[in-house]
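Heads up: the structure comes next, in structure tokens.
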Amino acid sequence: EKALTAVIQEAYVQGISTRSVDDLVKAMGASGVSKSQVSRLCEEIDGKVKAFLERPIEGDWPYLWIDATYLKVRRGGRIVSVAVIIAVGVNADGRREVLGMEVGTSEAEPIWTEFLRKLTRRGLRGVKL
Numbered sequence: 018e019k020a021l022t023a024v025i026q027e028a029y030v031q032g033i034s035t036r037s038v039d040d041l042v043k044a045m046g047a048s049g050v051s052k053s054q055v056s057r058l059c060e061e062i063d064g065k066v067k068a069f070l071e072r073p074i075e076g077d078w079p080y081l082w083i084d085a086t087y088l089k090v091r092r093g094g095r096i097v098s099v100a101v102i103i104a105v106g107v108n109a110d111g112r113r114e115v116l117g118m119e120v121g122t123s124e125a126e127p128i129w130t131e132f133l134r135k136l137t138r139r140g141l142r143g144v145k146l
């Protein structure tokens, strides 16, 4: 069952439709999966991602890498390009950790400003570079 759950969740992350997920599950020899089951599993993922992205940032992070890339996503039945911005911190021991991630319409200055303010509100401190 854990493997099946992982497959369903991965399909969700990849943007596969609920109907296609059901077909995939049947192809694996299982009896299929309902829309509500897929929705429940997807809500679990969404909750975990939200908790990760909103967790307190503890300790000093003297090095902070921030960058963005553009990805195509499905919104309102259309494929659109969005900016995914990310912050990776490096602590004094050299350990790297994703500190934040945000999806925006572009890399405009107000989006970066709000992203960095959110990191600060969550506890980001000690940045030197």
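Residue numbers for the sequence shown follow my numbering, beginning at 18 and rising by one.
No residue lacks a Cβ here, since even glycine has one placed at the ideal position from N, Cα and C.
Since this is a predicted model, take the numbers as computed values, not measurements.
Simplified DSSP state of residue i, which is helix, strand or coil
i	result
leucine 141	coil
glycine 121	strand
glutamate 114	strand
leucine 41	helix
valine 50	coil
glutamine 31	coil
leucine 133	helix
glutamate 126	helix
Rounded C-alpha distance that separates residue i from residue j
i	j	result
glycine 106	tyrosine 80	6 Å
lysine 43	valine 101	34 Å
alanine 109	glutamate 75	13 Å
valine 144	alanine 68	23 Å
aspartate 39	serine 51	7 Å
glutamate 126	alanine 20	42 Å
Residues bridged to residue i (per DSSP)
i	result
serine 98	Lys89
glycine 106	Leu81 and Glu114
Short Cβ contact (8 Å threshold) for residue i with residue j
i	j	result
valine 55	threonine 86	no
arginine 95	glycine 32	no
glycine 117	leucine 70	yes
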